[in-house]
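Report on one structure; see the data block that follows.
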Amino acid sequence: MNERETLKINAKGHLELGGADCVELAKQFGTPVYLYDEAYIRRMMGVYRDTLQKEYGENAMVLYASKAFSCQAIYRIAAEENIGIDVVSGGELYTALQAGFPAERIYMHGNNKLDYEIEEALDAQIGCIVADAYSEIDKIETAAAKRNMVQTVLLRINPGVEAHTHAFVQTATTDSKFGFSIADGSAEQITAYALQKKHIRLVGYHCHIGSQIFEKQSFVLAVEKCIRFMAEMKDKLAFEADTLNLGGGFGIWYTDEDKKLSAENYAEYLQSSIAAVKEYAQKYALKLPYILVEPGRSIVGEAGITLYTVGAIKDIPGVKKYVAIDGGMFENPRYALYQSKYTPILANRANEEPTEIVSIAGKCCESGDIIAVNVALPEVKSGDVLAILSTGAYNYSMAMNYNRNKIPPCVLVKDGKGEYIVRPQTYEDIVRNDCIPTRLLKK
Ligand code: LLP
Numbered sequence: 012m013n014e015r016e017t018l019k020i021n022a023k024g025h026l027e028l029g030g031a032d033c034v035e036l037a038k039q040f041g042t043p044v045y046l047y048d049e050a051y052i053r054r055m056m057g058v059y060r061d062t063l064q065k066e067y068g069e070n071a072m073v074l075y076a077s078k079a080f081s082c083q084a085i086y087r088i089a090a091e092e093n094i095g096i097d098v099v100s101g102g103e104l105y106t107a108l109q110a111g112f113p114a115e116r117i118y119m120h121g122n123n124k125l126d127y128e129i130e131e132a133l134d135a136q137i138g139c140i141v142a143d144a145y146s147e148i149d150k151i152e153t154a155a156a157k158r159n160m161v162q163t164v165l166l167r168i169n170p171g172v173e174a175h176t177h178a179f180v181q182t183a184t185t186d187s188k189f190g191f192s193i194a195d196g197s198a199e200q201i202t203a204y205a206l207q208k209k210h211i212r213l214v215g216y217h218c219h220i221g222s223q224i225f226e227k228q229s230f231v232l233a234v235e236k237c238i239r240f241m242a243e244m245k246d247k248l249a250f251e252a253d254t255l256n257l258g259g260g261f262g263i264w265y266t267d268e269d270k271k272l273s274a275e276n277y278a279e280y281l282q283s284s285i286a287a288v289k290e291y292a293q294k295y296a297l298k299l300p301y302i303l304v305e306p307g308r309s310i311v312g313e314a315g316i317t318l319y320t321v322g323a324i325k326d327i328p329g330v331k332k333y334v335a336i337d338g339g340m341f342e343n344p345r346y347a348l349y350q351s352k353y354t355p356i357l358a359n360r361a362n363e364e365p366t367e368i369v370s371i372a373g374k375c376c377e378s379g380d381i382i383a384v385n386v387a388l389p390e391v392k393s394g395d396v397l398a399i400l401s402t403g404a405y406n407y408s409m410a411m412n413y414n415r416n417k418i419p420p421c422v423l424v425k426d427g428k429g430e431y432i433v434r435p436q437t438y439e440d441i442v443r444n445d446c447i448p449t450r451l452l453k454k
């Protein structure tokens, strides 16, 4: 057990998260429900913030990649922890601003920012836009000129590093919708283009090589390629970049096939990237850049679990035993999208040894609506409270109303107590935007 550990089994044999009994939380808030341990989230934000400061001084900032889990409360926590955030849409930007997040610490990403998203970012005077298309450069230039301002911009470049992870979450191989490739010269061309713009202050580059990565070497390689490219731009275009954003991507534990990293291990990932920045900046005779890192999953992923109530159980002899829960792909689409693996625990009988292999199915009308396949559990009964671990990242943020299921609430746990940070949806929410044309109302 390490200091990031949030889960325990209490004297009643119940699972606890952040000191709160999950069976009690299930009674209090109903199921399905997403739970998040606030102390864990703060600890991880702090690990990144403090490691950067210790190893690199003030010339750096952590940005929480809020696509992993976005709601107003998480932006308040990030603001209190004195870190920045990255947003990838007008919706995330709006949420952060509504939460009172300081605009100057907001970076905006996305491979196809819409006109109104760029306008909103400029109006809010956010710290930086990470541009990923010629058309975005043009749009920023026009919108900034109209406002008589100069917008700080980074360019997303693609260092061509292949990280070993699921193809859908790999982003920096040559065939990617993200970034301008260093290798084929397009990163240089977009640099030259952006430098001509009067209302754009190009300060450097951003790269993000993928997600759920455990190999330090992939990050180090990306640093090397980016810095070598920065040196080339200094020679060829007389542009000395002063910012390098290294993206996110640190892996987390979902099942025992993944490494279980301690806070110190995450600090080590950062240390090796920072060491690489120093080494290559020196090698290529560049000044040390302002650096940014953008962890998302590793800040909130293991901080969260989802609680369900077990309903129908279907044993197909010789084939599979399906245990159906009151959630499913509408609140956790990751198995359906990536065949992601998860670890389940019976929260009300957490001490019991596993005796059977089951598959956990959701309630959507779709055979692919599965949460976990062939997982070991004690004999599961209808009414049990089932917990799925490591659901804090990319679960609530990817939830949807498929089959008109209600998106579950989010509960933040602190000192053994839970509080809503996202309230449960209601049926009124589900029909809120429906309209019936009057011709259909006739008769
Ligand atoms: N920065 C950028 C530009 C990104 O695109 C991402 C993730 C991050 C930072 C944060 O990466 P993290 O530290 O969370 O790995 N829905 C997928 C993950 C998609 C990741 C997208 N970009 C999943 O559920 O696995």
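By this note's numbering, the letter at position 28 of the sequence shown is numbered 39, and the numbering carries on one by one without gaps.
Built from N, CA and C at the ideal position, the CB exists for glycine as well.
All values derive from a computational prediction rather than experimental measurement.
Short note on Ala76: C-beta closer than 6 angstroms to some heavy atom of ligand 1. A buried status is given to Asn359, since no fewer than 16 other beta-carbon atoms sit within 10 Å of its beta-carbon.
For Gly429, the closest C-alpha among the options Gly121, Leu36, Tyr105, Gly196 is that of Leu36.
Annotation: the segment 366-401 contains the following complete segments of the beta strand (DSSP E) (minimum length 3 residues), in chain order: 367-372, 381-388, 396-400. Put simply, the segment 23-42 does not touch the segment 299-310. Fewer than three CB pairs are less than 8 angstroms apart. Shortest gap from the CB of Tyr405 to any heavy atom of ligand 1: under 6 angstroms.
Here the C-alpha atom of Glu367 lies approximately 9 angstroms from the C-alpha atom of Asn385. Straight across, the Cα-Cα distance linking Glu91 with Gly57 is about 11 angstroms. CA-CA distance, Ile224 to Glu130, rounds to 34 angstroms.
In terms of Cβ geometry, Pro365 and Ala335 do not form a close pair [threshold 7 angstroms]. Annotated three-state conformation of Phe240 is helix, per DSSP. Using a cutoff of 6 angstroms, the CB of Gly260 counts as near ligand 1, since one of the ligand's heavy atoms is closer than that. Asp97 places its beta carbon 7 angstroms or farther from that of Ala71. For Lys65 and Ser192, the gap between their C-alpha atoms comes out near 32 angstroms. Only residues of its own chain outside the window of five on either side were considered, and among them Leu213, Leu248, Phe250 have a CB closer than 7 angstroms to the CB of Leu206, listed in chain order. No Cβ-Cβ contact shorter than 7 angstroms links Pro419 with Glu305.
Boundaries of the beta strand (DSSP E) around Met119: 117-119. Residues of the same chain with a CB within less than 6 angstroms of the CB of Glu115, apart from the 5 flanking positions on each side, are Gly138 in chain order. One Cα belongs to Glu268, the other to Glu226, and the distance between them is close to 15 angstroms. Rounded to the nearest angstrom, the gap between the Cα atoms of Gly196 and Tyr319 is 51 angstroms.
Look at Lys19 here: in three-state DSSP terms it is strand.
Contact between the segment 254-269 and the segment 396-416 is present, with at least three C-beta pairs closer than 8 angstroms.
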